[in-house]
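To start, the structure itself, in structure tokens.
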Amino acid sequence: MGHDVTVRQDADARTEERKAAVVGGGRPKPQGIAEWAVAELRARIADGEFAPGARLVEDEVCELLGVSRNTLREAFRLLAHERLLVQHHNRGVFVRELTAEDVADLYRVRRLVELSAVQGLQGRPDGLERMAEAMAEAEVAEARQDWRALGTANLHFHQGLAALTGSARVDELMARIIAELRLAFQAMDDPFAFHRRYLERNRLILRLLEAGEGGAAATAIAEYLDEAEDELLKAHRRKPAEGG
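All letters in the sequence shown, in the order written, are residues 2 to 245 by the working numbering.
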């Protein structure tokens, strides 16, 4: 119970930080509060707070985020377009449950993004600090045996990897991919063991990049993605999605 309270407190603290970045000085920044609500809900999905198949009750989410119904409905519409939510007439809004086909498509995109981030690198790339921070985050989560935090750290590591492209558009794409991946991961019977297996792979990728060995890093990433996709596909074929 104490862990659940801590998770909610941490999530609420992150919400306030993200909201403050948008509504500084009482005035919405140009992207507006609806876009903030989209980013916040996407981040909460990526953090594992909303599980696949969960119903998002409008009044509760409005109170959680401190936004109006109209703002929330626009956010729901945009997140449905991103394939993170589904809207069922007369039933409500639900977090999407992914299929094996979704998983295969996500990994096609991951290969395009993550391999392109390291292929052709000459020497040690800039920006590895973000990946190193994610590794430290993962090691703390592993010691606490906190599978959700471990999964979040793993996702942060691969966001940092994609960020090596230096493209803001790739960063935006990866934020969406990360949220869908979190939904995919929740099909695993033992999520902690699943994420823990890839910690050493991430360490290897980081070591190779620090040594300026982009080609070897690309090989390690490709092997990582092949194995992770295979595990997830098997899990999703055992548990076909319903209604999404």
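Using N, Cα and C, we set each Cβ at its ideal position, and we do this for glycine too.
Could you round the C-beta distance between residue i and residue j to whole angstroms and report it? I think they count as a contact, below 8 Å.
i: Leu165; j: Gly128; result: 5 Å
i: Ala81; j: Ala38; result: Their Cβ separation, rounded to whole angstroms, is 13 Å, which puts Ala81 and Ala38 out of contact at 8 Å.
i: Thr72; j: Ala40; result: The Cβ separation is near 13 Å, so there is no contact.
i: Gly49; j: Arg183; result: 6 Å
i: Ala47; j: Leu156; result: 6 Å
i: Ile206; j: Val110; result: That pair is no contact at about 18 Å.
i: Arg45; j: Phe51; result: 6 Å
Compare the C-alpha of residue i against each of the options and name the closest.
i: Ala180; options: Arg97, Gly67, Cys63, Val58; result: Arg97
i: Glu230; options: Thr153, Glu64, Asp172, Val104; result: Val104
i: Ala236; options: Val58, Gln160, Glu102; result: Glu102
i: Val107; options: Ala185, Arg78, Leu42, Glu211; result: Here residue 107 turns out to be Leu, not Val, going by the sequence shown. Checking every option, the nearest Cα to that of Leu107 belongs to Ala185.
i: Phe158; options: Glu134, Leu233, Ala150; result: Glu134
i: Ala219; options: Ile178, Val119, Arg177, Met175; result: Val119
i: Ala176; options: Cys63, Phe95, Gln160, Asp190; result: Gln160
i: Gly216; options: Arg125, Ala154, Glu64; result: Arg125
i: Arg238; options: Leu42, Gly67, Leu99, Gly33; result: Leu99
i: Gly33; options: Ile206, Val68, Met132; result: Val68
i: Leu233; options: Met189, Glu211, Ile206; result: Met189
i: Arg149; options: Glu130, Ile178, Asp191, Arg170; result: Asp191
i: Glu83; options: Glu173, Glu211, Lys240; result: Glu173
i: Arg92; options: Gly121, Leu79, Leu57, Glu64; result: Leu57
Mind checking whether residue i and residue j have CB atoms under 8 Å apart?
i: Ala221; j: Leu209; result: yes
i: Leu85; j: Val94; result: no
i: Pro53; j: Gln146; result: no
i: Arg70; j: Glu61; result: no
i: Leu151; j: Met132; result: no
i: Ala139; j: Ala154; result: yes
Note to self: Under 8 Å: do the segment 221-239 and the segment 196-206 share three or more Cβ pairs, one atom per stretch?
What the structure shows: Judged by pairs of C-beta atoms under 8 Å, the segment 221-239 touches the segment 196-206, as three or more such pairs exist.
Notebook entry, point to check: Taking the runs of the beta strand (DSSP E) that are 3 residues or longer, which of them lie wholly in the segment 55-107?
Noted result: Annotation: the segment 55-107 contains the following complete segments of the beta strand (DSSP E) (minimum length 3 residues), in chain order: 86-89, 93-96.
Next item on the list: Inspect the CB distances between the segment 146-166 and the segment 111-123 and report whether three or more fall short of 8 Å.
Entry: The way I'd put it, the segment 146-166 does touch the segment 111-123; three or more beta-carbon pairs between them come closer than 8 Å.
Note to self: In chain order, what are the residue ranges of uninterrupted beta strand (DSSP E) at least 3 long that sit wholly in the segment 174-234?
What the structure shows: As far as the segment 174-234 is concerned, it has no whole beta strand (DSSP E) run of at least 3 residues.
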